[in-house]
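Participant: Protein chains in written order, with our numbering: chain Z, 1 to 387; chain W, 1001 to 1090.
Where a beta carbon is used, it is the ideal one built from N, C-alpha and C, also for glycine.
These numbers were taken from a predicted model, which means no experiment stands behind them.
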Amino acid sequence: MDRTFIEIGHQNLQKNGHEVCGDVFMSRKLQEEGRTIGVLSDGLGSGIKANILATMTASMALNFTIANQPVERSAQSIRETLPVDSERKINYASFTIADVEYDGETTILEYGNPQFLIFRGNKIMNRETMKTHNTEKIAVSNFMAQKEDRIILFSDGVSQSGIGRADMPFGWEIEDLKEFISDHLSNHPHMSAQKLARHIVNRAHMNDTFSAQDDISCSVIYFRKPRNLLVCSGPPYKKEKDATMAQTIKSFNGTKIICGGTTAQIISRELGCAIDADLSSNDLELPPVSYMNGVDLVTEGILTIGKVSEWLESMNPGGIDNQNAAGQIIHHLLAHDKITFLVGTRINEAHQDPSLPVELEIRRNVIKKIAHLLEEKYLKEVHIQFI
Amino acid sequence: MNPNHIYQVRICTGTLCHVMGGALLPELKPYLPEYLKGKVQVKGMTCADYCKQEDRKPPYVLVDDHLIESASIEKVIAYIKKCENHDSKQ
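Listed below in structure tokens is the structure:
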């Protein structure tokens, strides 16, 4: 059967003049249960204090939800734990929790944040059709999600962006926001969750004339057909396996990337496809990308994947605009759901020369690290196959 | 050699060549003397295993079929100049 993949994208932007964002999003995939949980929390005020409130709230809400605690008890625990603001003498952080079961059954708990939106394709779904009830001032909604649904959570920084401007005195009104999203989805029906979240945040930032008046954040949960990506890196340990590797690439259904000059040569020889190196993408840090018929991207090996690993570890995934080889690989990694690494384990002896100006890592280890990051931080389904 | 000959410069974009200075080579064109501009085409190539030889000296550049080791922009231009002079003497 055609499985549904749940993609989660999040983007945030701190209030102008602050170092950190007072909105926090956390998510977790529970592989065994097939559950996906996302929490967006908006801490009182902005800056570091708000960030701490929101981080505490989000992590408590996430863990209580994982443990299937009743809503009332979770809410009470959160309330009793949050520190009291020294100026306002109150403690407060709003939150929205989305809890998605393996079959698409979704429960959303809302407290204080603007109401979430659901789009089925490019059409907004009416909340009246959902079962909703209130406990402890928390609105609980239940519905069955289908393929091509998107759940959109956002903080009041989005809905109140532009407030006070002559043309939008009440901020970004919900009807206009819905229309904005609907237009985007009509033009780009397969837009990734990350991209949609980024577009919404950027627009809110623009509404605030590029000086955010509050923390702005948006999270998108997108139910979609899984997108497959094959990353092939390294020559096979035994030469006899060269043909197997080439056939795996040829017959793979999805996007294909080759990382490694020697690997590319092997595939080129086995499949009889020429490689065309494009010097225009050269920069001092990384060698340029190449192209081969039937393969979506060909890059150099260890330096490029080392950079990919470094960026995946550090960056805000929406924030890269670098078009060098590593930037292009990251773009592909984030845009796909199921990622298979086909890793040849032959060691390149020339790379072990101690007189080299840089240390070249062993490919197998770097790929393992990337796979781990993709699973834990970006919630991708990852498989590694050594050859 | 044909006076309209276009020199095909192919720069190895492999890992070893890149870290040993090959990263600078794609910037070759602006350094060409006036009379050679338009006579040189610069391309990349994936690792052709020159670095696997016993006595390896990356980065590698191929000018037509001539292999230049420990290549630098100066070295590549000097070689092309030498070819040109050699031609004009004939």
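#1: Considering Cα atoms alone, identify which of 345/Z, 243/Z, 230/Z is closest to residue 383/Z.
#2: Is there contact between the region 75-89 of chain Z and the region 26-34 of chain Z, where contact requires at least three CB pairs shorter than 8 angstroms?
#3: On a Cα-Cα basis, can you pick out the residue from 130/Z, 124/Z, 149/Z, 132/Z that is closest to residue 183/Z?
#4: Should residue 100/Z be labelled buried (16 or more other beta-carbon atoms within 10 Å of its own) or exposed?
#5: Can you give me the Cβ contacts of residue 135/Z inside the same chain, cut-off strictly under 7 angstroms, excluding the 5 residues immediately before and after it?
#6: Since I believe residue 340/Z is in contact with residue 385/Z (beta carbons under 8 angstroms), could you give me their beta-carbon distance rounded to a whole number of angstroms?
#7: At a cut of 8 angstroms, does the region 354-373 of chain Z reach the region 1011-1025 of chain W through at least three beta carbon pairs?
#8: Just how far apart, CA to CA, sit residue 1075/W and residue 1059/W?
#9: Residues in the same chain with beta-carbon distance under 8 angstroms from residue 268/Z, minus the five sequence neighbours each way, listed in chain order, please.
#10: Label residue 1008/W either buried or exposed according to how many other C-beta atoms from any shown protein chain fall within 10 Å of its C-beta, with 16 as the threshold for buried.
#11: Does the Cβ of residue 60/Z have 16 or more other Cβ atoms within 10 Å, making it buried, or fewer, making it exposed?
#12: Quick one: list the residues of chain W neighbouring residue 302/Z, beta-carbon separation under 8 angstroms, in chain order.
#13: Using only CA atoms, which one of 206/Z, 44/Z, 39/Z lies nearest to residue 93/Z?
#14: Kindly indicate the opening and closing residues of the alpha helix (DSSP H) around residue 309/Z.
#15: Pull up the distance between the alpha-carbon of residue 381/Z and that of residue 1037/W, whole angstroms please.
#16: Assuming residue 215/Z and residue 42/Z are in contact, meaning their beta carbons sit under 8 angstroms apart, how far apart are those beta carbons, in whole angstroms?
#17: Residue 352/Z CB to nearest chain W CB: under 8 angstroms?
#18: Tell me, please, whether the CB atom of residue 1019/W is closer than 8 angstroms to any CB atom in chain Z?
#19: For the region 342-366 of chain Z, which residues have a CB atom closer than 9 angstroms to at least one CB atom of chain W, in sequence order?
#20: Give, in chain order, every unbroken run of the beta strand (DSSP E) that is at least 3 residues long and sits entirely within the region 118-173 of chain Z.
#21: So residue 244/Z is in the alpha helix (DSSP H); what residue range does that whole segment cover?
#22: Is there at least one Cβ from chain Z nearer than 8 angstroms to residue 1052/W's Cβ?
#23: Hey, which unbroken runs of the alpha helix (DSSP H) at 4 residues or more fall wholly within the region 4-83 of chain Z?
#24: I'd like to know whether the C-beta of residue 265/Z is nearer than 8 angstroms to at least one C-beta of chain W.
Facilitator: On the basis of the data shown:
#1: 230/Z
#2: no
#3: With distances taken between Cα atoms, residue 183/Z lies closest to 124/Z.
#4: buried
#5: If the five residues before and after residue 135/Z are omitted, its C-beta is found closer than 7 angstroms to the C-beta atoms of 71, 72, all from its own chain and listed in chain order.
#6: That pair is a contact at about 7 angstroms.
#7: yes
#8: 11 angstroms
#9: Hits under 8 angstroms: 274, 275, 292.
#10: exposed
#11: Residue 60/Z counts as buried, since no fewer than 16 other beta carbons sit within 10 angstroms of its beta carbon.
#12: 1015
#13: The shortest Cα separation from residue 93/Z among 206/Z, 44/Z, 39/Z belongs to 44/Z.
#14: 302-314
#15: 51 angstroms
#16: 7 angstroms
#17: No, residue 352/Z does not count as interfacial toward chain W.
#18: yes
#19: 348, 349, 350, 351, 353, 356, 357, 358, 360
#20: 131-135, 138-144, 149-154
#21: 242-251
#22: It does: the Cβ of residue 1052/W has a partner Cβ on chain Z nearer than 8 angstroms.
#23: 48-66, 71-81
#24: yes
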